[in-house]
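Residue numbers (this note's numbering), protein chains in the order written: chain E, 2 to 233; chain R, 196 to 486.
Where a beta carbon is used, it is the ideal one built from N, C-alpha and C, also for glycine.
As the structure is a prediction and not an experimental result, all values here were calculated from the model.
Worksheet: the structure to be examined is printed underneath.
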Amino acid sequence: MQKSTTDGVRFQPASDQSLLVYFGEQITLRAHQRVRRLLHLLEREPIIGVRNLNPAYCSILISFDALRLHHAELEAILLGYLERLDAVDLPEGRDMQVPTCYGGESGPDLNDVAALHGMTPGQVIELHASVTYTVFFLGFVPGFAYLGELPEALATPRLDSPRLTTPPGSVAIAGNQTGVYPFATPGGWRIIGRTPIAMFCPDRKAMSFLSIGDRVRFTPISAARFAELENA
Amino acid sequence: MSTIQVQAPGLLTTVQDLGRQGFGPVGVSPSGAADPISLRLGNRLVGNHEGAAGLEMMLLGGTFIFPQGAIVALTGSDFGATLDDVSLNLSTSVEARPGQTIRLGPTKSGARCYLCVQGGISVKPFLRSASTHILTGLGGFEGRPLQKGDVVRIESSTEPFRRRTIAPAISEHLSRRKVLRVTAGPQADWFSESSLRSFYASTYRVGEQSNRMGLRLESGLERGLETGLEDGRERAAVSQRSVSHMITEGGPHPRLAHHSFCGAANHRRLSQDRERNLRGPSPRGTTSPPR
């Protein structure tokens, strides 16, 4: 059922109308670059019959209209795209800042996270804000960016049972990832802070504040500054 | 412009079309009718294009007044509909005269019933679709299920009324729902052969925790499936009386229209995209033995 193809790329049917393209099994920047390149090509030169694209850490799920395409046809077309991958001129990711009010009401899990790692809350904040993260992909809900990689020393398991709702803008960590909840949704990541930025806004030209490939820094702000920015 | 006045909304009535495809890269899931075939048939019956927006009702239907009248059709499951207290057949176009009321009750068969109107429901589109995404409040009628007192607009149409029905044999063919067909997904080999055998041999009930994002199917198995994984990778964790963690929670979990792609993402162990195109989910508490 699994097929090998050139340069470690692997195709895998994910259902009767979707195909996974794997660029390896590990989260690496190289795999991420290749995901972005293929996504870029597929967006610029859409394949007739393809209905949706869902990039992930090291794969893209391609959903298609089964009346117009089947797996083998799609794989054959994709091989042509994959051959051109190295020649893709990928647009540079942007440098983005996410002002974040850490701890207190904004970050109810900050103290627990600190305790789990034998740190002070201040050290957790410093460490979380010290790294430039990459937007590996968006998913879960509109505008939710999967950011990596969290410093090893902060890697934290999810909550035992997810919250039924999280305030929009909640900055959270899980495993070696970090992210911002754009909407009030259920969530099991540990919330360490909150940003006043609207991560997804349907009336804005770029609906999502972050895009795949962006480089992201979190900058600590005070509760007063949070209130100011939120009301701006 | 013609309207629908919502006198009673029902349990979960939302505006849906065939969804917004193509926005996966910004994290926007397709949404759309959970039972797209019924919506498409309903639209055909009233002379719309198949992807026009209609009302999707779940388990308990609403009461709707048509002050200016409308040409309508009900498809999907039988919610015991009446037009001004006269029984209304499924799968037949009918003219509601100005001021008439369509009242639906609790389901007598499946989970979902669709009300399509000639012209289609008119809402401000989000990413080219009228579908409601409840979790984020995007799309549809103000991003939410309908409430008592809402006034929903109908897109104008000049087409005269034509009576159309679906042949009983076709309805019967489409209503078979007892067997879910499954294709092995990318992590099917995480499970032992005997586990997969019991997966395919079991009969399931649609669990209470089902929603538009996914169905939770429960079996009588005492133990979950053996994954053969020592490290307890969370998405493969074995749960008590449901079969296994197939997506993120307990139980085999066919994904429906609202599903999102999350986490390590793209982990669909056993997939049945095609099944949701058949007839929509069974109501909670009915059996659906896979084979």
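So, at 8 Å on beta carbons, what are the nonlocal neighbours of residue i in its own chain, with the 5 sequence-adjacent residues on each side left out?
i       : result
G176(E) : L151, A156, T157, P158, R159
H368(R) : none
M208(E) : P143, G144, F201, C202
S60(E)  : L21, V22, Y23, F24, V36
R191(E) : D110, D113, V114, T157, R159, L160, A173, I174, A175
S223(E) : C102
S46(E)  : The sequence given here places Glu at residue 46(E); Ser does not occur at that position. So the list reads Y82, once near-sequence residues are dropped.
D279(R) : Q295, T296
Any beta carbon from chain E within less than 9 Å of residue i's own beta carbon?
i       : result
S224(R) : yes
Q216(R) : yes
V221(R) : yes
I442(R) : Model confidence at I442(R) stands at a pLDDT of 32, short of 50, so the residue's coordinates are unreliable; what they give is reported in the following sentence. For I442(R), the answer is no, since every Cβ of chain E falls outside 9 Å of its Cβ.
T378(R) : yes
S483(R) : Only weak support exists for where S483(R) lies, its pLDDT of 35 falling under 50; the coordinates are left without a value.
F394(R) : no
R428(R) : In this prediction, R428(R) scores a pLDDT of 34, lower than 50, which makes its location untrustworthy; the coordinate-derived value is nonetheless stated afterwards. No - not a single Cβ of chain E is within 9 Å of the one on R428(R).
L207(R) : no
R463(R) : With a pLDDT of 32 at R463(R), under the threshold of 50, the predicted position of this residue should be treated as unreliable, though the coordinate-derived value follows. So yes, R463(R) belongs to the interface.
Return the residue from the list the options that minimises the CA-CA distance to residue i.
i       : options                            : result
F184(E) : G194(E), R191(E), G170(E), I126(E) : G170(E)
Q178(E) : V99(E), P109(E), L54(E), Y134(E)   : Y134(E)
L91(E)  : G140(E), H41(E), N55(E)            : H41(E)
V172(E) : Q13(E), A207(E), P221(E), L83(E)   : P221(E)
S197(R) : Q313(R), L412(R), V401(R), P340(R) : Q313(R)
I28(E)  : A57(E), F12(E), N53(E)             : A57(E)
R339(R) : V201(R), I199(R), V210(R), G205(R) : V210(R)
N238(R) : Y395(R), G409(R), R357(R)          : R357(R)
T208(R) : S304(R), V374(R), W385(R), G300(R) : G300(R)
G344(R) : F336(R), T353(R), R307(R)          : F336(R)
V281(R) : A265(R), L269(R), P293(R), R298(R) : R298(R)
A362(R) : A247(R), L236(R), Q216(R)          : L236(R)
G149(E) : A228(E), V10(E), R218(E)           : R218(E)
L136(E) : D8(E), G214(E), A224(E)            : Position check: residue 136(E) holds Val in this sequence, whereas Leu was assumed. The option with the nearest alpha carbon to V136(E) is G214(E).
E354(R) : Q342(R), M408(R), K373(R), A265(R) : A265(R)
M253(R) : R307(R), R407(R), S352(R)          : R307(R)
L68(E)  : P14(E), N55(E), L83(E), V51(E)     : V51(E)
Ordered along the chain, which non-local residues of its own chain (more than five positions away) have a Cβ less than 7 Å from that of residue i?
i       : result
P122(E) : G104, L111, N112, A115
G214(R) : P225, S226, G227, S324, S326, A452
T360(R) : S286, T287
Using C-beta distances below 6 Å, list every residue in its chain close to residue i, excluding the 5 sequence neighbours before and after it, in chain order.
i       : result
G423(R) : The predicted model places G423(R) with a pLDDT of 45, which falls under 50 and marks its position as unreliable; any figure quoted below should be read in that light. So the list reads S387, once near-sequence residues are dropped.
A268(R) : G237, L240, V241, S288, C311
L250(R) : T208, L310
Using a Cβ-Cβ cut-off of 9 Å, state whether residue i counts as contacting chain R.
i       : result
E153(E) : no
E46(E)  : no
G170(E) : no
M208(E) : yes
D17(E)  : yes
L62(E)  : yes
L21(E)  : yes
Q13(E)  : yes
F24(E)  : no
P203(E) : yes
If we count the other Cβ atoms within 10 Å of its Cβ and call it buried at 16 or more, is residue i buried or exposed?
i       : result
G271(R) : buried
N284(R) : exposed
D161(E) : exposed
T331(R) : buried
V346(R) : exposed
N232(E) : exposed
H462(R) : Residue placement at H462(R) is poorly supported in this model, since its pLDDT is 32, which falls under 50; the coordinates are not used for a value here.
D212(R) : buried
Q263(R) : exposed
A396(R) : exposed
Q435(R) : For Q435(R), the pLDDT reaches just 23, beneath the cut-off of 50, and the residue's location in the model is therefore unreliable, although a value from the coordinates is still provided. Flag for Q435(R) reads exposed.
P197(E) : buried
A77(E)  : exposed
S390(R) : buried
E413(R) : buried
V401(R) : buried
A291(R) : buried
Please indicate yes or no: does the CB of residue i lie closer than 8 Å to some heavy atom of the ligand ADP?
i       : result
T101(E) : Of the ligands one can find in the structure shown there are none, so the ligand ADP has no counterpart to examine.
Exercise for the section: Give, in chain order, every residue of the stretch 327-347 of chain R whose Cβ lies closer than 9 Å to some Cβ of chain E. Expected result: H328, L330, T331, G332, L333, G334
Problem - Interfacial residues, the stretch 176-199 of chain E to chain R, with Cβ spacing under 7 Å - result: F184, T186
Handout entry: Selection of the stretch 129-160 of chain E by Cβ proximity to chain B, strictly under 7 Å
Key = Structure shown: chain B not included; protein chains present are E and R.
Practice task
Residues of the stretch 33-57 of chain E with a CB closer than 9 Å to any CB of chain R: list them in chain order, please.
Solution key: L40, E44, P47, V51, R52, N53, L54, N55, P56, A57
Exercise for the section: Mind checking the stretch 311-325 of chain R against chain E and listing, in chain order, the residues whose C-beta falls within less than 7 Å of any C-beta there? Expected result: F321
Handout entry: Residues within the stretch 213-233 of chain E neighbouring chain R, beta-carbon criterion of under 9 Å
Key = I213
Exercise for the section: Taking only beta carbons into account, state which residues of the stretch 380-391 of chain R come closer than 9 Å to chain E, listed in chain order. Expected result: G380, P381, A383, D384
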